[in-house]
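Chemist: Protein chains in written order, with my numbering: chain H, 1 to 114; chain F, 1 to 114. Each residue gets a CB set at the ideal place from its N, CA and C atoms; glycine is no exception. Take this structure first; my questions come after.
2 protein chains.
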Amino acid sequence: MVNPARSLPVDAWQAAHMVLEVALIDVLSGREEEFAAAYAKGHPTLVSTPGCRSVRMTRGIESPSRFVLLVEWDSVAAHEENFRGTDRFTTWRGLIGPYLAAPPHVEHFTDIPV
Amino acid sequence: MVNPARSLPVDAWQAAHMVLEVALIDVLSGREEEFAAAYAKGHPTLVSTPGCRSVRMTRGIESPSRFVLLVEWDSVAAHEENFRGTDRFTTWRGLIGPYLAAPPHVEHFTDIPV
Numbered sequence: 001m002v003n004p005a006r007s008l009p010v011d012a013w014q015a016a017h018m019v020l021e022v023a024l025i026d027v028l029s030g031r032e033e034e035f036a037a038a039y040a041k042g043h044p045t046l047v048s049t050p051g052c053r054s055v056r057m058t059r060g061i062e063s064p065s066r067f068v069l070l071v072e073w074d075s076v077a078a079h080e081e082n083f084r085g086t087d088r089f090t091t092w093r094g095l096i097g098p099y100l101a102a103p104p105h106v107e108h109f110t111d112i113p114v
Numbered sequence: 001m002v003n004p005a006r007s008l009p010v011d012a013w014q015a016a017h018m019v020l021e022v023a024l025i026d027v028l029s030g031r032e033e034e035f036a037a038a039y040a041k042g043h044p045t046l047v048s049t050p051g052c053r054s055v056r057m058t059r060g061i062e063s064p065s066r067f068v069l070l071v072e073w074d075s076v077a078a079h080e081e082n083f084r085g086t087d088r089f090t091t092w093r094g095l096i097g098p099y100l101a102a103p104p105h106v107e108h109f110t111d112i113p114v
């Protein structure tokens with residue numbers, strides 16, 4: 001979809017290729033506050049990962065046990081190699097794992113230009 | 001979840017109460033480019049809605065027919081009363097509707113503090 005010219009400045013090229021991780025997270029009913037606290041505790045581990053640009057956790061208004069985690073990465077490889085395949089993920093999952101109703105549904109997305 | 005003190009500055013209070021619309025959109029296979037073009041055409045109608053703070057459309061890497069629309073609103077009411085209940089939505093849906101594989105799944109979320 002995004003196909004910038006090779007002559008683009010490096011910043012624009014990287015911005016065009018940034019990926020957004022969208023994780024749909026269903027938390028055990030009644031454990032939402034504990035999950036939010038575990039997230040706050042794990043946030044430094046996630047956000048300090050090389051290639052991680054931003055981290056945002058949100059909670060459902062209509063579905064208060066549903067959370068959506070949005071993480072901007074330099075690339076899918078940065079997410080997988082620098083986070084998922086490392087001790088960082090073990091730490092992160094150890095913190096939030098006890099409150100998950102099911103394994104999170106995780107996919108990557110790229111921005112559509114307007 | 002978010003319960004700022006009443007003494008917070010107005011900007012911080014509003015920021016804490018901003019809501020994020022997350023729309024999961026499955027597009028008809030083979031019509032993704034047309035959908036993206038329709039989105040670009042409808043973007044001004046959406047982003048100019050009173051109470052709309054930002055609009056971001058993304059396309060799946062693992063699932064190229066899946067799109068996620070992220071819209072920041074002042075409130076759920078701003079989304080429903082200033083957009084969904086108006087001619088703006090008719091225009092928007094008229095543009096993207098022909099390319100939808102199913103009705104989008106739309107929910108609202110609030111940010112979790114760290």
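(1) So does the stretch 25-36 of chain F actually touch the stretch 70-86 of chain H, counting three or more Cβ pairs closer than 8 Å?
(2) With respect to the beta strand (DSSP E) encompassing D111 of chain F, which residues constitute its N-terminal and C-terminal limits?
(3) Establish whether the CB of V71 of chain F and some CB of chain H are separated by less than 9 Å.
(4) Would you kindly report the start and end of the unbroken alpha helix (DSSP H) that includes L46 of chain F?
(5) Mind the definition here: the stretch 19-34 of chain F touches the stretch 92-103 of chain F only if three or more C-beta pairs lie below 8 Å; say whether that holds.
(6) Have a look at the DSSP bridge pairing and note the partners of D87 of chain F.
(7) If you drop the 5 nearest sequence neighbours on each side, which residues of the same chain put their C-beta closer than 8 Å to that of T91 of chain F?
(8) Can you confirm whether A40 of chain H, when its beta carbon is compared against all beta carbons of chain F, has any partner nearer than 9 Å?
(9) Under 9 Å between the Cβ atoms of L70 of chain H and V22 of chain H?
(10) Please state whether the Cβ-Cβ distance between G51 of chain H and D74 of chain H is less than 9 Å.
(11) Mark V55 of chain H as exposed unless 16 or more other C-beta atoms lie within 10 angstroms of its C-beta, in which case mark it buried.
(12) How long is the line joining the alpha carbons of M57 of chain F and L95 of chain H, rounded to whole angstroms?
Modeler: Result, derived from the coordinates:
(1) No contact exists between the stretch 25-36 of chain F and the stretch 70-86 of chain H.
(2) As a working note, residue 111 of chain F is residue 111 in the second sequence. Per DSSP, D111 of chain F belongs to the beta strand (DSSP E) from 105-111.
(3) In the second sequence, the residue the question calls residue 71 of chain F occupies position 71. So no, V71 of chain F is outside the interface.
(4) Your numbering for residue 46 of chain F matches position 46 in the second sequence. Unbroken alpha helix (DSSP H) run through L46 of chain F: 32-47.
(5) Touching, per the Cβ criterion.
(6) Against the second sequence, residue 87 of chain F aligns to sequence position 87. For D87 of chain F, DSSP records no beta bridge to any residue.
(7) Residue numbering aside, residue 91 of chain F sits at position 91 when the second sequence is read from its first letter. Only G42, T45 meet the Cβ criterion.
(8) Sequence index remark: in the first sequence, residue 40 of chain H carries index 40 (1-based). Using a CB distance cut-off of 9 Å, A40 of chain H counts as an interface residue toward chain F.
(9) As a working mapping, residue 70 of chain H is identified with position 70 in the first sequence. As a working mapping, residue 22 of chain H is identified with position 22 in the first sequence. Less than 9 Å separates the beta-carbon of L70 of chain H from that of V22 of chain H.
(10) Translated into positions along the first sequence, residue 51 of chain H becomes position 51. Translated into positions along the first sequence, residue 74 of chain H becomes position 74. Yes.
(11) Residue numbering aside, residue 55 of chain H sits at position 55 when the first sequence is read from its first letter. With 16 or more other Cβ atoms within 10 Å, it is buried.
(12) The count along the second sequence starts at 1 and reaches residue 57 of chain F at position 57. The count along the first sequence starts at 1 and reaches residue 95 of chain H at position 95. Whole-angstrom Cα-Cα distance: 31 Å.
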